[in-house]
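Peer 1: I have a structure I would like to understand better, so I am pasting it below and will then ask my questions one at a time.
Residue numbers (our numbering): 151 to 624.
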C-alpha cells in the first residue's frame, strides 16, 4: 500500500511539473524583403514598371531612368542583396548607397559590355561621388572582372561595416570586390538603383555585417617615405580651353594660403577638396625638398588630367593624361603613380617644386613619388610657404611706390600699386606685374629680373643674371 501511495505521488509531481513548463516560441524571423511595388520607390514617371518576370516580382527600369530611390530607408551598416538581369544595350548597372543626394553618394556598378569577360578588369567597380563627380578614374584599384550573365538573373550582395565593404557576385565564396576603405564623404544615406534592367528579391539587412571588421585595412604606402604628401595650394582658377601655363603666369607667393595632404596611395584629391566644375580649372601645388648635395632622381607622377612642373622657377616638364581626347596614360586614362615621370636635378639646400594641375573631365588630382631618397634630407616642407604667404598678404606695398633712377642708365623704373599687386614700368614700356618673393623682394620673371628694395634708405637693387645696379628713389 505504501509503495502504491509513493508511486501516485511521483506521477502527480511529474504531471505538475509538466503543467508548469511552458513552450518558448521560436523567435520571429526578420523580414528584410523590399516589396517590388510603386509605393516603395521614388522614380521618374514612365521609366519604371512593376511586373512578374521569370517567376519573380520584379521592377523593370528603363534606359534614362535616373536614380530609382528606395523610400524611407537610411542605411549605414549591414547587407544589401538583390537579383538583377540586364536589359541590353546598357552601359552601367548601378546601385547607390550612403546616398545623401545625387552629388554625395557611393556606387557599385557593373559595366554591362564587360560582364562575363574574365580578362576585363573594369567589369565591376566601386567609387565615391564628390560634389556630383563620379571618381571612377581616380580609383582604378577598386575594379575587377565580373563573371555575370547578360541573359539571366545575377545575384549581387554588398556587405558594409564601418570603413569596409565586400561585394559578392552570384553566391561566390570570395568577394569580387574587397574594399579596404570606403572613400565617400557620407557614412549613411538612402539606396538607389539605375540602369536598364530587371531588379528582384531586394533585401536590406541593417547591421548584419557577416563578421566583417569595420576597421579600414592598412594602406601599404603609409610607410613609404618616397611619396610627397604635403603641399601648399592655391585656390582654383579658370583656365580657358587651349591655354597653357608657363613662367609668365606663375602664381604669386601670397597665393599659397592653404594646404592639402595625400590620402591613401599618395593621392592628392583635388576633387574632394574643391568639388566639381563645368569648366577647365587649375590649381598650383608647391612643396620644398632639401638636398645635402647636388642630386638627380626621377619624380614619378600620377596625373589627372594635365600638369606643368617647375623646379626652382624653371619649367622642366609638361604632360597630359586625357581620357576623352585619346591621350591616355596607362592604365587606360586612370590615375596611377606609373602614369609618367621626369628627372629632377636638385641643387644643394632647399629646392622649390611647383606643379600646376588642370582638370575638366571627372576626377582631379595628382600623385608624386621620388624614385630615390639618396642625398635628400627633408621633404614635405610647406609650413614656411604658408607663413611667407601670410607675411606677404600683410605687406604694405605703398612703401615701394615711386620713381627710381640711376645716373648711369637712360631709363627710370616707375613702381605703382594696384590692389595687392606691385607693377613696374620701364621708361617707354608698358607696366608689368611683379611677383612678390618675400618682404622687400620682387621678381619680373619674364626678364629674369629681381628687385631688392631698401625702404629705409629709399634704394633698390636690380639684379639680372650676374649684373646688379643700384637705383635711388626720386
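We treat Cβ as the ideally placed atom computed from N, Cα and C, and that holds for glycine.
(1) Taking C-beta to C-beta, are residue 341 and residue 487 nearer than 8 angstroms?
(2) Helix, strand or coil, according to DSSP, for residue 421 in the structure here?
(3) For residue 246, does the three-state DSSP call read helix, strand or coil?
(4) Taking the alpha carbon of residue 383 as the reference point, which residue from 368, 403 and 371 has its own alpha carbon closest?
(5) Residues in the same chain with beta-carbon distance under 6 angstroms from residue 567, minus the five sequence neighbours each way, listed in chain order, please.
(6) Confirm, please, whether the CB-CB distance from residue 620 to residue 611 is below 8 angstroms.
(7) Taking only the alpha-carbon atoms, compute the straight-line gap between residue 505 and residue 588 and give it to the nearest angstrom.
(8) Would you report the Cα separation of residue 577 and residue 538, rounded to the nearest angstrom?
(9) Mind checking residue 316: buried by the 16 CB within 10 Å criterion, or exposed?
(10) Here's the rule I'm using: 16 or more other beta-carbon atoms within 10 Å means buried, otherwise exposed. How should residue 482 be labelled?
(11) Would you kindly work out how many angstroms separate the C-alpha atoms of residue 508 and residue 216, rounded to a whole number?
(12) Skipping 5 residues on each side, what residues in its chain have a beta carbon closer than 7 angstroms to that of residue 123?
(13) Check this for me: beta carbons of residue 518 and residue 461, under 8 angstroms apart or not?
(14) Taking the alpha-carbon positions, what's the residue 275 to residue 584 distance?
(15) Note down, in chain order, each residue of its chain lying with its Cβ closer than 7 angstroms to the Cβ of residue 294, except the 5 sequence neighbours on either side.
(16) Does DSSP put residue 476 in a helix, a strand or coil?
(17) How many whole angstroms separate the CB atoms of residue 348 and residue 208, which I take to be in contact at a CB cut-off of 8 angstroms?
(18) For a test of the three-state rule: what should DSSP assign to residue 278, helix, strand or coil?
(19) Would you mind working out which of 245, 213, 200 and 192 sits nearest residue 220, comparing C-alpha positions?
(20) Who are the near neighbours of residue 357 in its chain, counting only those whose CB is closer than 7 angstroms to its CB and skipping five residues on each side?
(21) Closer than 8 angstroms by C-beta to residue 500: which residues in its own chain qualify, once you throw out the five before and the five after it? Chain order, please.
(22) Going by beta-carbon coordinates alone, are residue 330 and residue 366 separated by less than 8 angstroms?
(23) Helix, strand or coil for residue 577? Go by DSSP, reduced to three states.
(24) Counting along the chain, where does the beta strand (DSSP E) carrying residue 230 start and finish?
(25) Who are the Cβ neighbours of residue 194 in its own chain at under 7 angstroms, not counting the five residues just before and after it?
(26) Can you tell which of 187, 623, 558 and 436 has the C-alpha that lies nearest to the C-alpha of residue 604?
(27) Scan the stretch 332 to 388 and note each continuous beta strand (DSSP E) run of 3 residues or more that stays entirely inside, going in chain order.
(28) In this structure, how does DSSP classify residue 186 when only helix, strand and coil are distinguished?
(29) Exposed or buried, which one is residue 428 when buried takes at least 16 other CB atoms within 10 Å?
Peer 2: Looking at the coordinates:
(1) no
(2) helix
(3) strand
(4) 403
(5) 547 and 551
(6) yes
(7) 20 angstroms
(8) 31 angstroms
(9) buried
(10) exposed
(11) 30 angstroms
(12) The structure shown has nothing for residue 123, since the chain only spans 151 to 624.
(13) no
(14) 48 angstroms
(15) 271, 273, 274, 326 and 327
(16) coil
(17) 5 angstroms
(18) strand
(19) 192
(20) 227 and 228
(21) 438, 439, 440 and 531
(22) yes
(23) coil
(24) 228 to 236
(25) 215 and 216
(26) 623
(27) 340 to 344, 347 to 356 and 380 to 383
(28) coil
(29) exposed
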